[in-house]
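For reference, the structure is listed below as structure tokens.
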Amino acid sequence: MKKDKRLSRCTALQILYSAEIAKNDPIDSFNYVLENSVDDNFSSKVKKYALQLVDQAQKNVKYLDELICKKSKNWEISRIALIDNIILRMAIAEMLFIEEVPLKVSIAEAIEIAKIFSTKDSGRFVNGILDSIYKDIVKGKMGSVNVNFN
1239 MKKDKRLSRC TALQILYSAE IAKNDPIDSF NYVLENSVDD NFSSKVKKYA LQLVDQAQKN
1299 VKYLDELICK KSKNWEISRI ALIDNIILRM AIAEMLFIEE VPLKVSIAEA IEIAKIFSTK
1359 DSGRFVNGIL DSIYKDIVKG KMGSVNVNFN
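And the structure:
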């Protein structure tokens, strides 16, 4: 299952990145990513979870970007690398809106994915933002968002 979730997250990242760059519908990007993937064995679980992440990140993009801006201390969203921003959106969406995943797992996965897909410093940057959001969630500072504290 762990391998499936990682594949889902990486797929969701590719879909969101493609949709952002091409300015198209994420479903078109999803189909493109699946058609051009070297991994022909996308299970229905992988596809379903990837689309769930994409949906939550897309539906809540303004809210997620506001959180990222607040936590990035004087960095405008346009100054954050697009791939890092998408990783952050996905991880925060997972932390806030997907109950089945423990918060620390979302953070650890985002850090690892940042190390794979972005720069050598991205893992630390992603960790800093997500750790700050984690602390707010645990302290109850996130309002009425439904989260998993495991």
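Residue numbers (my numbering): 1239 to 1388.
Using N, Cα and C, we set each Cβ at its ideal position, and we do this for glycine too.
In this text the structure is predicted, and so the values were computed from the model without any measurement.
Contact check for Gln1252 against Val1271 passes: the beta carbons are separated by less than 8 Å. A straight line joining the alpha-carbon of Lys1358 with that of Gly1366 spans about 14 Å. In the DSSP assignment, Gly1361 falls within the unbroken alpha helix (DSSP H) covering 1360 to 1376. At least 8 Å separates the beta-carbon of Tyr1372 from that of Ile1324. Looking only at Asp1322, Arg1317, Asp1263, the smallest Cα-Cα distance to Ser1356 is reached by Asp1322. Considered as a whole, the stretch 1258 to 1335 harbours no complete run of any beta strand (DSSP E) with no fewer than 3 residues. By the C-beta density criterion, Gly1361 is buried, having at least 16 other C-beta atoms within 10 angstroms. Cβ neighbours of Ser1370 within its own chain (closer than 8 Å, five residues either side excluded): Lys1309. Here Ile1306 is actually not in contact with Leu1320; their C-beta atoms are around 12 Å apart, not less than 8 Å. CA-to-CA, the gap between Glu1304 and Lys1283 works out to about 30 Å. DSSP places Glu1350 within a helical segment (H, G or I) once states are collapsed to three. By the criterion of a C-beta distance shorter than 7 Å, Ile1351 is surrounded in its chain by Arg1247, Cys1248, Leu1251, Ile1325, once the five residues flanking it on both sides are discounted. Residue environment analysis places Ala1331 among the buried positions, since at least 16 neighbouring C-beta atoms fall within 10 angstroms of its C-beta.
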